[in-house]
Amino acid sequence: MAKTPKPQSQQAPAAARDASLGNGGETHQHIPHDGGHRDADAHLTTNQGIRVSDNQNSLKAGARGPTLLEDFVLREKIFHFDHERIPERIVHARGSAAHGVFECTKAIPELTKAAPFQEIGKQTPLFTRFSTVAGGAGSVDTPRDVRGFAVKFYTEEGNWDLVGNNIPVFFIQDAMKFPDLVHAVKMESDRGYPQAASAHDTFWDFVSLMPETMHMIMWAMSDRTIPRSLRTIEGFGVNTFRLINAKGEHKFVKFHWKPVLGLQSTTWDEAVKIAGADPDFHRRDLFEAIAAGDFPAWDLGLQVFDEAWAVKQDFDVLDATKLIPEELIPVEIVGRMTLNRNPDNFFAETEQVAFCPANVVPGIDFSNDPLLQGRLFSYLDTQLKRLGSTNFHQLPINAPKCPMHNFQRDGHMQTQVPKGRANYEPNSLSEIGEPGGPRECPETGFTSLTINDERNDGGDKLRIRPELFADHYSHARLFYRSQTEIEQAHIASALTFELSKVALEHVRTRVLSRLRNIDEDLAQRVADGLAMPLPKAAPAAKGPIDMKPSPALSIVGQGQPPLTGRKVGLLFAEGSDKAMIDKLKGEIEKAGGTVFLVAPKIGELKLKGGTLKADGQLAGSPSVLFDAIASILMPDQAEQLARDGAAVQWFMDAFGHCKTIGHCPGTQVILDKAGVEPDEGVVPIESFAKIAPARHWDREPKVRMLA
Ligand code: HDD
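Residue 54 in UniProt numbering sits at position 54 of the sequence shown; the count goes up by one each step and never skips.
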């Protein structure tokens, strides 16, 4: 006679069940429909609310028999898992985000009636997502790439999305060219590579045939596209928008975000090595900083101007490949964004957040910038594909935090349950005592600016670009000539590197011919770097004209940022002096930095004067992960470490990346082996904290051949 089977939950040996749960088998998590609160005492259920008795074993016909189709618990679990992925964003697929708040520091009702700017101290909640552009969702954080900088303000008058980048201009002038640009920069369509890189044939082929890209190319080849941290990038609305006040008066505006921590970038060699050492470098940095209460902040600045000013310029303010130098129109700071809370769930928030430049609130309106006009369509459209339903605005991360009522109904994944018969307007149901639903708000509702454009050519339908859009070189020249010497060398080197990856020689030649219109010296340096002859300059439809250099465009020119928010790697080993470590750590933390302790072994080490555990093991914590490094080692430990490639490389890289190196006399033997030469950035640990955040660019010609 067959034995009566035991209840399913008892079938697996207790030890196996405990190991598979990893928590003694006691987990019962309940994810209710209200958004996923976890209650440790709640029961595990199916999506239909049926309690699950066994989450380890599928239902089988006998212990060694086939799994039964009847097992709805298994089927539901696998079914849901199979559908976990949604299409990634066609651009900006890889991103990291955080919640925060915008606080108005200067009220500007004379410029705009937009709610966030009406009074000093007014707070508006927001959600900000940073991204790379070209790579897929699983690519690395530090390719040479533009960074997206998208902010969703949940104002009391609806959501306002400021969907910008960390570069104030764009590659193209008209949305018509966006799919071409993106196809050209992404993986080549036959071979499926390179991932997250612009250094390949199709990108440079496109760019070389589209001279309007030249200004943005200068930015893309500058250190702006290899930022040290998302906390140290600027943000820009890029397109020209309009501000409108309560009287209906309007001005043009450009939006700027200025990082409170200042701007900081990596070197290219460093960015490449970080990609290997920690592909999630920026994501981790942002998450950890916020988790530690070290909240990153940006000031919001405005450049405001009117049509009378715009008509006098040599460029068109509707052309997104042009910028307005801050020296011409200063950036006026009106508020501060602080990111103070990490998302609870990456998918629900960071992945499902849906930005759209068309989301504006009363007081903000669009300009006729033809790039912006195309964007107004694209984002809404792409969200439908990505999120699968016209009801994506109901997802908590996208839903406005103010009341929302209309007569839109139904559709996939409708989560609201509208009551009554009124699903059309106008209606007279209130006359028979039934709710009639919401009504228009002529006084307070959004009204588009009635004027079209003072300089529009009579409104004829034309596939054409305005005359001033034709100058593709003046602003590229302005950017290049506004850089410090070292930054110019970085641009020339980046161009040389990228073009050296371009197999098509005629494309390289065409790029060189364009560079001649930007700056002869730059073109010559890149040609020399490639060992190619300099071709004739490309014919230019207009310009270039010389503009007055704008120091605000340089990173280095803005001075060295403080130690606040920077991370110092501190190397020690068994026998190191604990008092010295504690003292240095204290000094760095006092100056606002954080210390990451690195040692050859991660467990508790015996030191002179106590014991200490490292935060990271040496081989897994290369110096590229830190803004500066210091070491406290005894001579005999240093002798030993000098035979370890990871230790030597630690110092060699920090030196090569122009970082501050703090050392005690014991370390000298490794410094010698790593080729670290004395200079103003190689200092005894006593003076380390004072200069730690600085990059010592004077060192660079000693460690690298720059173009
Ligand atoms: Fe775009 C995403 C920024 C031009 C079409 N864009 C996207 C994101 C940022 C930008 C930051 C990611 C938002 C997020 O984190 O979810 N895009 C820009 C800037 C542009 C620009 C600053 C130039 C001023 N974009 C642009 C054009 C088009 C698009 C001209 C199409 C005509 N962008 C899209 C898109 C994306 C997008 C396909 C992909 C995912 C998404 O929208 O939500 O609709």
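Glycine is no exception: its CB is placed at the ideal position from the N, C-alpha and C atoms.
Consult DSSP for residue i and reduce its assignment to one of helix, strand or coil.
i           : result
residue 207 : helix
residue 322 : coil
residue 566 : coil
residue 181 : helix
residue 25  : Bear in mind that a pLDDT of 32 at residue 25, under 50, signals an unreliable position, so the model cannot answer this.
residue 653 : helix
residue 666 : helix
residue 474 : helix
residue 443 : coil
residue 280 : coil
residue 590 : helix
residue 338 : strand
residue 524 : helix
residue 417 : coil
residue 243 : strand
residue 607 : strand
residue 234 : coil
residue 696 : coil
residue 558 : helix
residue 625 : helix
residue 703 : helix
residue 616 : strand
residue 31  : Bear in mind that a pLDDT of 41 at residue 31, under 50, signals an unreliable position, so the number given afterwards is only what the model happens to contain. Reduced to three states, the DSSP call for residue 31 is coil.
Out of curiosity, what's the CA-to-CA distance linking residue i and residue j?
i           : j           : result
residue 620 : residue 553 : 36 Å
residue 368 : residue 144 : 31 Å
residue 592 : residue 567 : 9 Å
residue 562 : residue 680 : 17 Å
residue 251 : residue 622 : 50 Å
residue 645 : residue 661 : 18 Å
residue 142 : residue 129 : 16 Å
residue 699 : residue 691 : 15 Å
residue 102 : residue 153 : 8 Å
residue 477 : residue 224 : 17 Å
residue 264 : residue 60  : 59 Å
residue 254 : residue 239 : 7 Å
residue 147 : residue 474 : 24 Å
residue 640 : residue 668 : 12 Å
residue 372 : residue 365 : 11 Å
residue 564 : residue 594 : 8 Å
residue 597 : residue 273 : 20 Å
residue 295 : residue 460 : 51 Å
residue 606 : residue 383 : 56 Å
Under a Cβ-count criterion, where at least 16 other Cβ atoms within 10 Å of its own Cβ denotes burial, should residue i be classed as buried or exposed?
i           : result
residue 402 : exposed
residue 312 : exposed
residue 464 : exposed
residue 417 : exposed
residue 707 : buried
residue 611 : exposed
residue 322 : buried
residue 7   : No answer about residue 7 holds up, because its pLDDT of 44 lies below 50 and its placement is not dependable.
residue 411 : exposed
residue 449 : exposed
residue 569 : buried
residue 351 : buried
residue 316 : buried
residue 496 : buried
So residue i and residue j are in contact, right, with Cβ under 8 Å, and what is the actual spacing, rounded?
i           : j           : result
residue 150 : residue 164 : 7 Å
residue 659 : residue 628 : 5 Å
residue 445 : residue 434 : With 8 Å as the limit, residue 445 and residue 434 do not qualify as a contact, their Cβ atoms being about 24 Å apart.
residue 47  : residue 76  : 6 Å
residue 229 : residue 161 : 24 Å between Cβ atoms; not a contact.
residue 614 : residue 651 : Residue 614 to residue 651, Cβ: 17 Å. No contact.
residue 534 : residue 527 : 5 Å
residue 683 : residue 676 : Between residue 676 and residue 683 the Cβ distance is about 11 Å, and since that is not below 8 Å, they are no contact.
residue 115 : residue 155 : 5 Å
Exercise. In chain order, which continuous runs of the alpha helix (DSSP H) of length 4 or greater are located wholly inside the region 39-85?
Worked result: 72-82
Exercise. Of all the alpha helix (DSSP H) runs that stay within the bounds of the region 123-206, which reach a length of 4 or more residues?
Worked result: 178-185
Exercise. Whole alpha helix (DSSP H) runs in the region 368-399 with 4 or more residues, listed along the chain?
Worked result: 370-387
For this session: Return the chain-ordered ranges of every alpha helix (DSSP H) run that is complete within the region 245-271 and spans a minimum of 4 residues.
Result: DSSP runs (the alpha helix (DSSP H)) wholly in the region 245-271: none.
Exercise. In chain order, which continuous runs of the alpha helix (DSSP H) of length 4 or greater are located wholly inside the region 503-554?
Worked result: 505-518 and 520-530
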